[in-house]
Amino acid sequence: MNIHAVLHEATIALKASNNSDEEKLEAQLLLEHVLTVNHAWLITHADDEINSETDQQFEALIQRRISGEPIAHILGEREFYGLAFKVTPDTLIPRPDTETLVEAALAKISPSETARILDLGTGSGAIALAIAKDRPNANVIAVDASQAALSVSQENAKALNIHNVQFLLSDWFSTLTNQHFDVIVSNPPYIEQDDVHLKQGDLRFEPISALASGEDGLDDIRQIILDASAHLKPKGWLMFEHGYNQAKNVSTLLVSAHFRSIETLKDLGSNDRVTFGQKP
Numbered sequence: 001m002n003i004h005a006v007l008h009e010a011t012i013a014l015k016a017s018n019n020s021d022e023e024k025l026e027a028q029l030l031l032e033h034v035l036t037v038n039h040a041w042l043i044t045h046a047d048d049e050i051n052s053e054t055d056q057q058f059e060a061l062i063q064r065r066i067s068g069e070p071i072a073h074i075l076g077e078r079e080f081y082g083l084a085f086k087v088t089p090d091t092l093i094p095r096p097d098t099e100t101l102v103e104a105a106l107a108k109i110s111p112s113e114t115a116r117i118l119d120l121g122t123g124s125g126a127i128a129l130a131i132a133k134d135r136p137n138a139n140v141i142a143v144d145a146s147q148a149a150l151s152v153s154q155e156n157a158k159a160l161n162i163h164n165v166q167f168l169l170s171d172w173f174s175t176l177t178n179q180h181f182d183v184i185v186s187n188p189p190y191i192e193q194d195d196v197h198l199k200q201g202d203l204r205f206e207p208i209s210a211l212a213s214g215e216d217g218l219d220d221i222r223q224i225i226l227d228a229s230a231h232l233k234p235k236g237w238l239m240f241e242h243g244y245n246q247a248k249n250v251s252t253l254l255v256s257a258h259f260r261s262i263e264t265l266k267d268l269g270s271n272d273r274v275t276f277g278q279k280p
């Protein structure tokens, strides 16, 4: 069969599996991966025949996706903020909505400023590295409680040739004694521990420790807010990604901790996604 026919069959199979709402795009991405070509090549060679070995390799990837494995894990990477990040089951898969947090941080950091930035729970390093890439004068510290996740983030820093990030093994602020920052960012666990979505879709394949946080999903955010003031410079900013329905509660927690200038930003889907406040 030619490329067009193979893609058509794969798209139908993915659609029938109910594991994908972007079956055509995913079929194209998987075939591009097998052929090691880009999208433009795939379109212009739609009538090219595919040999049996390539077809078998492609079918194997399609079956992995049908079984529910995330497309990012199959490909081994995910694009975020214009950068390609390696991802593994040890890290969260970077998502477009999290770019809202990057934009919020960049808005508080002058390009010429030698600011100190902290990323709590860095995972793949997507947030820290995106900020560091755009603000090369900044000094970014990225921490995670998982050594496996830190290994992935360090690989990403090397692959992207970004050198103004330091990676540390730390349970939130535990190893950051006497360190102070201009901006602290975090995409912490914020899903309710009994949320049914944890057993659906891509979330089934991601580390539960990076997803769920207590009965209302806010345990880690509470802890971070409690400890953050001791690590923020005067007028420093603390900002979180959170669930679409958590902005009011996060704002209340920031008010209770005496933060000011509190604001919530919406993500690409117009859902409340990032809330931040400033230390007095």
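In terms of the numbering used here, the sequence shown opens at residue 1 and continues consecutively. For glycine and all other residues, C-beta sits at the position ideal for the given N, C-alpha and C.
Enclosing alpha helix (DSSP H) for residue i [first to last residue]
i: D219; result: 219-228
i: E23; result: 23-35
i: R64; result: 52-66
i: K133; result: 126-134
Closest by C-alpha distance to residue i, when choosing among the options
i: V183; options: D97, G277, I50, E77; result: G277
i: V102; options: L168, K158, S186; result: S186
i: L42; options: K24, S52, E53; result: K24
i: W172; options: E155, L265, A230; result: A230
i: I154; options: P96, F85, S174; result: Here the sequence assigns Gln to residue 154, which means Ile is not the residue at that position. Checked all of P96, F85, S174; the closest Cα to Q154 is F85.
Same chain only: Cβ atoms within 7 Å of residue i, ignoring 5 sequence neighbours per side
i: L232; result: H180, F181, I184, L238, K279
i: E26; result: L14, S20, R65, I71
i: A157; result: G125, L129, V165
7 Å Cβ cutoff met for residue i and residue j
i: G297; j: L92; result: The displayed coordinates of the chain run from 1 to 280. Any statement about residue 297 would go beyond what the structure contains.
i: V250; j: T100; result: no
i: D90; j: A10; result: no
i: S112; j: V143; result: no
i: Q246; j: G214; result: no
i: N164; j: V140; result: yes
i: T36; j: E241; result: no
i: P188; j: G269; result: no
Terminal residues of the beta strand (DSSP E) in which residue i lies
i: E77; result: 77-80
i: S170; result: Unbroken run through S170: none, as it is neither H nor E.
i: K86; result: 83-86
i: E112; result: The sequence shown places Ser at residue 112, not Glu. Where S112 is concerned, there is no enclosing beta strand (DSSP E), given that its DSSP letter is neither H nor E.
i: D139; result: The question names Asp, but residue 139 is Asn in the sequence shown. From DSSP, the beta strand (DSSP E) with N139 extends over 139-144.
i: K15; result: From DSSP, K15 is part of no beta strand (DSSP E) but of the alpha helix (DSSP H) over 3-17.
i: K235; result: 232-241
i: T264; result: 260-266
i: Q278; result: 272-278
Integer Cβ distance of residue i from residue j, believed to fall under 8 Å
i: N2; j: I66; result: The pair is not a contact, with the Cβ atoms about 22 Å apart (cut-off 8 Å).
i: L118; j: I62; result: No, L118 and I62 are not in contact; Cβ-Cβ is about 41 Å, not under 8 Å.
i: A115; j: A138; result: 5 Å
i: D48; j: V6; result: Contact flag wrong, Cβ pair sits at about 10 Å.
i: L106; j: R135; result: 7 Å
Contacts around residue i, its chain only, beta-carbon distance under 6 Å, and the 5 residues preceding and following it disregarded
i: F58; result: L31, V34
i: A46; result: I3, H4
i: F80; result: P94, A126
i: R64; result: I74
i: S261; result: Q278
Sequence-distant residues of the same chain with beta carbon closer than 8 Å to residue i, five excluded per side
i: H73; result: V87, T88, P89, I93, F205
i: H39; result: Q28, E32
i: D216; result: E192, N249
i: L253; result: L218, I221, R222, I225
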